[in-house]
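Engineer:
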Amino acid sequence: MTEIRYRPVGVDAPAVMRTIDLGHHFGGESARACEVLRDIGFTLRSGEKSVLLGCNGSGKSTLLKILNGLITPSHGRVFYQDDEINPARLKDPILHRRFRAEVALLFQNPDAMLFNPTVFDEIAFGPRQIGLPDIEARVRHWAAEVGVSAHLSRPPFGLSGGEKQKVCLAALMVLEPKVLLLDEPTAALDPRSTGWLIDFLASLPVAALISTHNLGLAPELASRALVLGENHRLIYDGPIQALLTDMEKLAAANLVHTHRHRHGDIEHRHTHVHDWQ
Amino acid sequence: MNLDRAYLGFYLGAVFAATLIHDPVWLACGLGLALLASGRKAMGILRQALFAVLTFNLLISLSYILMAWLQDVSPWVTLIRLNLRVLLITCLTFLFIARVNLFRALDFSPGLTFVLGLAYSQALTFRRAQDDFRLALASRSLKPPRLIDRYRASAAAAAWFIEKALHAATQSSQALRSRGFFND
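Listed in order, the protein sequences are those of chains E and A.
Residues 1 to 277 (the working numbering) make up the first sequence, in order.
Residues 1 to 184 (the working numbering) make up the second sequence, in order.
#1: Kindly indicate the opening and closing residues of the alpha helix (DSSP H) around E:Thr19.
#2: How many Å lie between A:Leu46 and A:Leu54 at the Cα?
#3: Below 8 Å on C-beta distance, what does E:Pro93 contact in chain A?
#4: Could you work out which residue in E:Cys55, E:Phe99, E:Asp21 and E:Ser74 is closest to E:Leu181 when comparing CA atoms only?
#5: DSSP puts E:Ser211 in a beta bridge; with which residues?
#6: So within the region 79-163 of chain E, which uninterrupted beta strand (DSSP E) runs reach at least 3 residues, ignoring any that extend past its ends?
#7: Kindly identify the DSSP beta-bridge partner or partners of E:Asp237.
#8: Can the beta-carbon of E:Cys168 be found less than 8 Å from the beta-carbon of E:Leu209?
#9: Using a Cβ cut-off of 7 Å, pull out every chain D residue sitting near A:Asp132, in sequence order please.
#10: Is A:Phe108 helix, strand or coil when you go by DSSP?
#11: Leaving out five residues on either side along the sequence, give the residues of the same chain with a beta carbon under 7 Å from the beta carbon of A:Asn2.
#12: DSSP beta-bridge partners for E:Phe42?
#13: For chain A, find out if any of its Cβ atoms is closer than 8 Å to the Cβ of E:Gln277; answer yes or no.
#14: Going by alpha carbons, who is nearest to E:Leu189 out of E:Gln108, E:Ile266, E:Leu132 and E:Glu248?
#15: I'd like the span of the beta strand (DSSP E) that includes E:Arg262, first residue to last.
#16: In this structure, what does DSSP give as the bridge partners for E:Ile266?
#17: To be precise: take each residue of the region 112-144 of chain E, compare its Cβ to all Cβ atoms of chain A, and keep it if any distance is under 7 Å. Which residues remain?
#18: Three or more C-beta pairs closer than 8 Å, one from the region 120-133 of chain E and one from the region 138-152 of chain A: is that the case here?
#19: With distances taken Cα to Cα, identify the nearest neighbour of E:His96 among E:Thr118, E:Ser223 and E:Asn68.
#20: Is A:Gly44 helix, strand or coil by DSSP?
#21: Use the C-beta contact count for A:Trp69: other C-beta atoms within 10 angstroms, 16 or more gives buried, fewer gives exposed.
#22: Would you please verify whether the beta carbon of A:Arg140 is less than 8 Å from any beta carbon of chain E?
#23: Please classify E:Gly59: does DSSP put it in a helix, a strand, or coil?
#24: For the candidate residues A:Arg99, A:Asp132 and A:Leu176, whose alpha-carbon lies nearest to that of A:Ala34?
#25: So, with DSSP's three-state summary, where would you put E:Leu189?
#26: Go through its chain and collect everything with a Cβ distance to E:Thr72's Cβ below 6 Å, but skip five positions before and after it.
#27: List the whole-angstrom C-beta distance separating E:Gly23 from E:Ser74, where the pair is believed to meet the contact cut-off of C-beta under 8 Å.
#28: Can you confirm whether A:Arg104, when its beta carbon is compared against all beta carbons of chain E, has any partner nearer than 8 Å?
#29: Hey, could you find the ends of the alpha helix (DSSP H) A:Phe182 is sitting in?
#30: Just the C-alpha distance for E:Ala171 and A:Gly180, rounded to the nearest angstrom, thanks.
#31: Closer than 7 Å by beta-carbon distance: list the chain E residues that pair up with A:Ala136, in chain order.
#32: Using 8 Å as the limit for Cβ to Cβ distance, is A:Arg127 near chain E?
#33: Which residues, in chain order, does the region 30-53 of chain A contribute to contact with chain E at a C-beta distance below 8 Å?
#34: Throw me the rounded Cβ distance for the E:Ala222 and E:Ser50 pair, which I believe falls under 8 Å.
#35: Any Cβ of chain E within less than 8 Å of the Cβ of A:Arg152?
#36: Measuring straight from C-alpha to C-alpha, what distance separates E:Ala15 and E:Leu53?
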């Protein structure tokens with residue numbers, strides 16, 4: 001019997017993040033300005049897992065960085081609970097500390113996040129900053145949860161891509177955030193680690209927005225999909241299963257492709273999805 | 001000849017001239033002209049150039065002052081000349097980059113365009129990575145990071161860049177060899 005792992009979060013769950021008419025372009029107002037996001041509006045609710053789908057260059061990473069208050073959007077607004085979030089607002093030390101502890105971003109390149117001498121120090125970096133009690137116990141707990149206990153005394157730089165990703169996850173989870181923003185978290189993972197990540201994320205009682213362009217993986221990660229089109233607009237926001245049957249929408253987002261297939265003596269073309277991993 | 005190529009010729013000539021001029025007054029005039037030519041971007045270019053040369057020029061200048069003091073000679077004319085020349089050439093370079101499409105300027109040579117393409121793609125990749133390193137530290141910092149954390153983050157980024165640059169250089173040279181660009 002198949003167990004339904006994901007249940008839609010009720011509309012009565014409190015909103016944790018909200019965007020209103022969000023837009024962004026790089027290059028200022030110059031003629032060379034490059035639009036990466038346009039009119040993005042959605043709400044993430046407490047405990048809700050959503051995937052952010054879009055082809056390369058659709059603006060997924062930029063959107064996650066804006067949600068994490070790292071980039072000021074060219075227009076529109078982002079709210080975390082009742083507070084508007086942008087780099088200027090985060091100059092308020094109380095809001096900054098609360099937001100950085102409660103909203104965590106996993107970068108696509110884990111190397112960008114690692115700089116401490118050992119894996120232990122890497123995971124302890126956040127708790128030490130705010131003087132949390134029982135730092136050693138917290139670090140050992142999360143290292144065990146993600147499976148890097150054996151590497152605690154090693155520098156993180158020599159680990160494999162998948163192990164680095166796990167160290168980064170532990171370094172974020174040790175602060176027990178309420179919102180996880182994950183940028184292509186399976187990009188550096190082998191199939192076994194990808195399976196582990198699916199189960200790990202499902203077990204976390206946090207809201208998560210997970211970017212990917214892997215359609216085969218998306219329904220395993222979340223029940224809701226947000227799709228960024230090639231026009232940098234949000235072209236879909238709804239249940240992932242309904243999206244997966246809407247080939248027109250998927251083609252518009254450049255998430256499916258057409259090529260010739262050979263089945264024995266028969267050769268034909270149709271639009272379809274690959275499970276890449 | 002297209003305008004970008006003309007600017008390239010003018011830029012190379014101006015840089016060469018700046019290395020031949022020794023009178024600080026003329027170097028200062030050259031700097032003034034370069035900033036005038038920058039128009040509304042003048043202050044931005046000057047700030048960018050000052051920031052770019054600050055560490056290098058400071059080190060050289062302090063070393064020269066120490067040497068001049070030990071030899072009991074006045075360092076000031078040489079120091080002014082050196083700093084003005086470096087600042088002038090850097091301003092000219094930033095002005096050139098802001099105004100000129102390098103791909104159009106070098107379109108007379110497929111070889112140079114190819115090398116420029118390689119360098120440009122590497123520069124873009126590295127710039128994106130540098131932004132990620134900076135933003136990742138900001139994202140993980142619950143309060144302003146300590147100096148030691150900044151040093152560690154910079155050192156980790158530098159090591160990553162060196163490793164990636166070496167890897168990219170090896171890949172590029174293998175790709176060029178594979179495409180028959182050279183065979184030594």
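The C-beta atom is built at its ideal place from N, Cα and C for all residues, glycine as well.
Structural biologist: Looking at the atomic coordinates:
#1: Numbered from its first residue, the first sequence carries residue 19 of chain E at position 19. E:Thr19 -> not in any alpha helix (DSSP H); beta strand (DSSP E) instead, spanning Ala15 to Phe26.
#2: By 1-based counting over the second sequence, the position of residue 46 of chain A is 46. By 1-based counting over the second sequence, the position of residue 54 of chain A is 54. Between the alpha carbons of A:Leu46 and A:Leu54 lies a distance of about 12 Å.
#3: The residue given as residue 93 of chain E occupies position 93 in the first sequence. Per Cβ cutoff of 8 Å: Lys143.
#4: The sequence position of residue 181 of chain E within the first sequence is 181, counting from 1. Of E:Cys55, E:Phe99, E:Asp21 and E:Ser74, the residue nearest in Cα terms is E:Phe99.
#5: Mapped onto the first sequence, residue 211 of chain E falls at position 211. Answer by DSSP bridge pairing, in chain order: E:Leu52 and E:Asp183.
#6: 103-106
#7: The residue labelled residue 237 of chain E in the question sits at position 237 within the first sequence. Bridge partners of E:Asp237: E:Leu226.
#8: Here residue 168 of chain E refers to the residue found at position 168 of the first sequence. Here residue 209 of chain E refers to the residue found at position 209 of the first sequence. No, the Cβ-Cβ distance between E:Cys168 and E:Leu209 is not below 8 Å.
#9: Chain labels in this structure do not include chain D; the protein chains are E and A.
#10: Position 108 of the second sequence, counting from 1, holds the residue named residue 108 of chain A. In the three-state DSSP reduction, A:Phe108 falls in the coil class, being neither helix nor strand.
#11: As a working mapping, residue 2 of chain A is identified with position 2 in the second sequence. If the five residues before and after A:Asn2 are omitted, its C-beta is found closer than 7 Å to the C-beta atoms of Arg104, all from its own chain and listed in chain order.
#12: Looking up residue 42 of chain E in the first sequence gives position 42. E:Thr19, per the DSSP bridge assignment.
#13: In the first sequence, the residue the question calls residue 277 of chain E occupies position 277. Here the model assigns E:Gln277 a pLDDT of 44, short of 50, so the residue's position is not dependable and the matter cannot be decided.
#14: Within the first sequence, residue 189 of chain E is the residue found at index 189, counting from 1. Among E:Gln108, E:Ile266, E:Leu132 and E:Glu248, the Cα nearest to that of E:Leu189 belongs to E:Gln108.
#15: Residue 262 of chain E sits at position 262 when you count from the first residue of the first sequence. Its beta strand (DSSP E) spans residues His257 to His263.
#16: The residue you call residue 266 of chain E lines up with position 266 of the first sequence. Note: E:Ile266 sits in a beta bridge opposite E:His263.
#17: Ala112, Met113, Leu114, Phe115, Asn116, Phe125, Gly126, Gln129 and Ile130
#18: Yes, the region 120-133 of chain E is in contact with the region 138-152 of chain A.
#19: Your numbering for residue 96 of chain E matches position 96 in the first sequence. Ranking the options by Cα distance to E:His96, first place goes to E:Asn68.
#20: Stepping through the second sequence from its first residue, residue 44 of chain A is reached at position 44. Here A:Gly44 sits in helix by DSSP.
#21: In the second sequence, residue 69 of chain A corresponds to position 69, counting from 1. A:Trp69 counts as exposed, since fewer than 16 other C-beta atoms from the protein chains shown sit within 10 angstroms of its C-beta.
#22: Here residue 140 of chain A is taken as the residue at index 140 of the second sequence, counted from 1. True, the Cβ-Cβ gap to chain E drops below 8 Å.
#23: On the first sequence, position 59 is the one that residue 59 of chain E refers to. Coil at E:Gly59, not helix or strand.
#24: To locate residue 34 of chain A, count along the second sequence from 1; it is residue 34. Taking only the C-alpha atoms, the option nearest A:Ala34 is A:Arg99.
#25: In the first sequence, the residue the question calls residue 189 of chain E occupies position 189. E:Leu189: coil per DSSP, three-state reduction.
#26: Along the first sequence, one-based indexing puts residue 72 of chain E at 72. Only Asn86 and Pro87 meet the Cβ criterion.
#27: The residue labelled residue 23 of chain E in the question sits at position 23 within the first sequence. The residue labelled residue 74 of chain E in the question sits at position 74 within the first sequence. The pair is a contact, with the Cβ atoms about 6 Å apart (cut-off 8 Å).
#28: Walking along the second sequence from the start, residue 104 of chain A turns up at place 104. With 8 Å as the cut-off, A:Arg104 does not count as an interface residue toward chain E.
#29: Locating residue 182 of chain A in the second sequence gives position 182, where the first residue counts as 1. From DSSP, A:Phe182 is part of no alpha helix (DSSP H); its letter is neither H nor E.
#30: For the purposes of this step, residue 171 of chain E is taken as the residue at position 171 of the first sequence. For the purposes of this step, residue 180 of chain A is taken as the residue at position 180 of the second sequence. Rounded to whole angstroms, E:Ala171 to A:Gly180 spans 47 Å at the Cα level.
#31: In the second sequence, residue 136 of chain A corresponds to position 136, counting from 1. The contacting residues are Phe107, Ala112 and Met113.
#32: On the second sequence, residue 127 of chain A is found 127 positions in, with the first residue counted as 1. No, its Cβ sits nowhere closer than 8 Å to a Cβ of chain E.
#33: none
#34: Residue 222 of chain E sits at position 222 when you count from the first residue of the first sequence. Residue 50 of chain E sits at position 50 when you count from the first residue of the first sequence. Indeed, because the Cβ distance is near 5 Å, the residues count as touching under 8 Å.
#35: Taking the second sequence and counting its residues from 1, the one referred to as residue 152 of chain A is at position 152. So, interface residue.
#36: If you number the first sequence from 1, residue 15 of chain E lands on position 15. If you number the first sequence from 1, residue 53 of chain E lands on position 53. If I take the Cα positions, the gap works out to 21 Å.
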